[in-house]
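There are 2 protein chains.
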Amino acid sequence: MPEFTTLEYENLNSAVYGALCDALIQGRFQPGDRLKIRDLAEQFGTSVTPIRDAILRLANDEAIIFRSPRDIRIPGLSESRYREIRSIRVRLEGLAAETAAQVATSADIEALERILRENEQAIEAGDRLKGTQLNQAFHFILPQIAGLPVLNGILRRLWLQMGPHISDAYIQGGRAMIDHHYPVVEALKRHDSAAASMAIVDDILLGGKPILERIERGEERQTRRA
Amino acid sequence: MPEFTTLEYENLNSAVYGALCDALIQGRFQPGDRLKIRDLAEQFGTSVTPIRDAILRLANDEAIIFRSPRDIRIPGLSESRYREIRSIRVRLEGLAAETAAQVATSADIEALERILRENEQAIEAGDRLKGTQLNQAFHFILPQIAGLPVLNGILRRLWLQMGPHISDAYIQGGRAMIDHHYPVVEALKRHDSAAASMAIVDDILLGGKPILERIERGEERQTRRA
DNA sequence: ACGTCAAAAAAGATGCATCAAGTATCCTAC
DNA sequence: GTAGGATACTTGATGCATCTTTTTTGACGT
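Each protein sequence line maps, in turn, to chains A and B. Going by this note's numbering, the first sequence opens with residue 15, and the numbers climb by one from there. Going by this note's numbering, the second sequence opens with residue 15, and the numbers climb by one from there.
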């Protein structure tokens, strides 16, 4: 269960922000979707103020954009931007994997293997949502094992931007999403930093291939109206 | 002149956010300093609303923290956190330097050399503020040359967190702040990616040494009252 | 002096009214 | 039937009142 709020105490603002982050990461928004503060306020049963706060934070994360002062939307993702995000992930998740390999305990390994088992089951059951969630859980747990909270926050933000663009695509890769995870765990067991780094890089590049191909095909509806 | 606002149109919120970001990066806040929304509203001559918006964005960047629901402060920087930020910078600025080396034009090189010349002058003149500003400009221009806007945003956020902790320390390093910049430019001229990456890593590790030593010495006043 | 506790003041959270600017709708004129 | 324009509506920005909780302060007793 990833922790998304950076504010340590609870308020409506953080609750809304967390809920919208979850929705974004789970792909429940499509590129081009428009967000309206008053509508969201009604959905959440609050006034507009906490919604505005959350929307502003999301805009600061570049997870949503203000196309004009009154037009808040889920942004598109150009091919070059996706490639940049992928390059950044390669560097940062590589660092996380290296560090994790050095410090991973047997409890950490068990947690990873549990995620893999659940992911297997989700794929067999055809549960796409759970499949992508567990895939994300795998990626987020590495910086946690490594004890790198700043890195974790950066990756979280990148995932907010990718979320609306990976929901459908991942499935087309079938088991490719999970196959590359096993070598990572094997490397962590051996405390082999170099192998762990290479394995996670493989996962990012190969496992993410369907997403890139989808963006290249231009199946994005970036400027779709509502 | 780095562009800090992610909202493309102008409003009070972004103006306040930008001003506070500048203040943070320039070290005009000290760790432990307390921020009060009403006070800032008076200083900026606005109501509390745009200030709250900006404060919330800054908190989302982890540039400021809510120690309690009514206590907004500049956070401290533990040694482990600084080391983590440094590791991330090594990876990301390494990537920026590699990419920049491949695509840098002669105009880009000239811009870099202009910054170096101005930085020399600022150091000679003993202008600390301008010195640190130009040092930052050097680091921010590399991802711009490389055409990596996402990377740029991540580094900007990291700098927001480091800002309050580097103001004094850098000076103690004397010319060390700038000496390591020359090999970077030389590598870019030769379009030598590997050398550029190594040079910028040297700068981060060696140039940042005074900061780490200061944090290790515990000269931080993280919980200082006002 | 120091710690404790209570009252007073401060401060952020939340809700809401209003404003300005942009959008949609509908009516009219040709 | 269509084009143009005026009107009504939508929507985020801003300001502000109020509420609750925290923080500060100061008096009191030890």
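Note that beta-carbon positions come from the ideal geometry of N, C-alpha and C, so glycine has one too.
Through-space distance from residue j to residue i, alpha-carbon basis
i	j	result
R105(B)	G59(A)	43 Å
N166(A)	N74(A)	17 Å
G108(B)	E134(B)	24 Å
T115(B)	C35(B)	The sequence shown places Ala at residue 115(B), not Thr. Near 29 Å, if we compare the C-alpha coordinates of C35(B) and A115(B).
H179(B)	A55(A)	39 Å
P163(B)	H205(B)	21 Å
P64(A)	A151(A)	28 Å
R131(A)	S211(B)	40 Å
I51(B)	L72(B)	13 Å
A201(B)	Q175(B)	29 Å
A33(B)	G32(A)	27 Å
E127(A)	S61(B)	52 Å
R66(B)	L70(A)	11 Å
R81(B)	H153(B)	31 Å
Q57(A)	V30(A)	10 Å
D85(A)	N25(B)	14 Å
L148(A)	R142(A)	10 Å
I192(B)	R95(B)	24 Å
I79(B)	I79(A)	25 Å
K203(B)	T113(B)	13 Å
A37(B)	P83(B)	23 Å
R170(B)	G41(B)	14 Å
S207(B)	E138(B)	31 Å
I129(A)	A136(A)	10 Å
T119(A)	R189(B)	43 Å
L49(B)	G222(A)	43 Å
D47(A)	R231(A)	20 Å
E227(A)	F43(B)	46 Å
G140(B)	D53(A)	55 Å
A209(A)	Y23(A)	39 Å
Unbroken alpha helix (DSSP H) run spanning residue i, endpoints
i	result
R97(A)	E93 to V117
F80(A)	Note, F80(A): premise wrong, no alpha helix (DSSP H); beta strand (DSSP E) at I79 to S82.
K144(A)	R142 to A160
L206(A)	Sequence check: residue 206(A) is Asp here, not Leu. It is not in any alpha helix (DSSP H) - D206(A) carries neither H nor E in the DSSP assignment.
F43(A)	No alpha helix (DSSP H) contains F43(A), which DSSP labels as neither H nor E.
R131(A)	S120 to E138
N27(A)	L26 to I39
D193(A)	A190 to D193
T63(A)	V62 to N74
Whole-angstrom C-beta distance between residue j and residue i, which should lie under 8 Å
i	j	result
I159(B)	D122(B)	5 Å
P45(A)	I88(A)	5 Å
I155(B)	A125(B)	7 Å
A77(B)	N27(B)	So it is not a contact: roughly 15 Å between Cβ atoms.
I39(A)	G145(A)	That belief does not hold up - the Cβ atoms of I39(A) and G145(A) are roughly 13 Å apart, past 8 Å.
I168(A)	I168(B)	6 Å
H195(A)	L220(A)	No, H195(A) and L220(A) are not in contact; Cβ-Cβ is about 11 Å, not under 8 Å.
G161(B)	V117(B)	7 Å
I225(A)	E93(A)	About 11 Å separates the two Cβ atoms, so there is no contact after all.
V199(B)	I214(B)	Incorrect: roughly 11 Å between the Cβ atoms, too far for contact.
L172(B)	I218(B)	11 Å between Cβ atoms; not a contact.
Start and end residues, beta strand (DSSP E) containing residue i
i	result
R231(A)	Per DSSP, R231(A) belongs to no beta strand (DSSP E) and is neither H nor E.
Residue i - partner residues in DSSP beta bridges
i	result
D85(A)	S82(A)
R171(A)	In the DSSP output, where bridge partners are listed per residue, R171(A) has none listed.
L49(B)	I86(B)
Taking any Cβ of chain B, which residues in the segment 84–114 of chain A have a Cβ under 7 Å from it, in chain order?
R95, E98, I99, S101, I102, R105, L106 and L109
Contacting positions in the segment 190–223 of chain B - beta carbon closer than 7 Å to chain A:
Here the close residues number zero.
With 8 Å as the C-beta to C-beta threshold (strictly closer), list the residues of the segment 56–73 of chain A near chain B in chain order.
R66, D67, L70, R71 and A73
Would you list, in chain order, the members of the segment 164–176 of chain A that have their beta-carbon closer than 9 Å to a beta-carbon of chain B?
Hits within the stretch, in order: V164, L165, G167, I168, R171, L172 and Q175.
Selection of the segment 150–163 of chain B by Cβ proximity to chain A, strictly under 7 Å:
L162
Can you give me, in chain order, the residues of the segment 36–50 of chain A that have a beta carbon less than 8 Å from any beta carbon in chain B?
none
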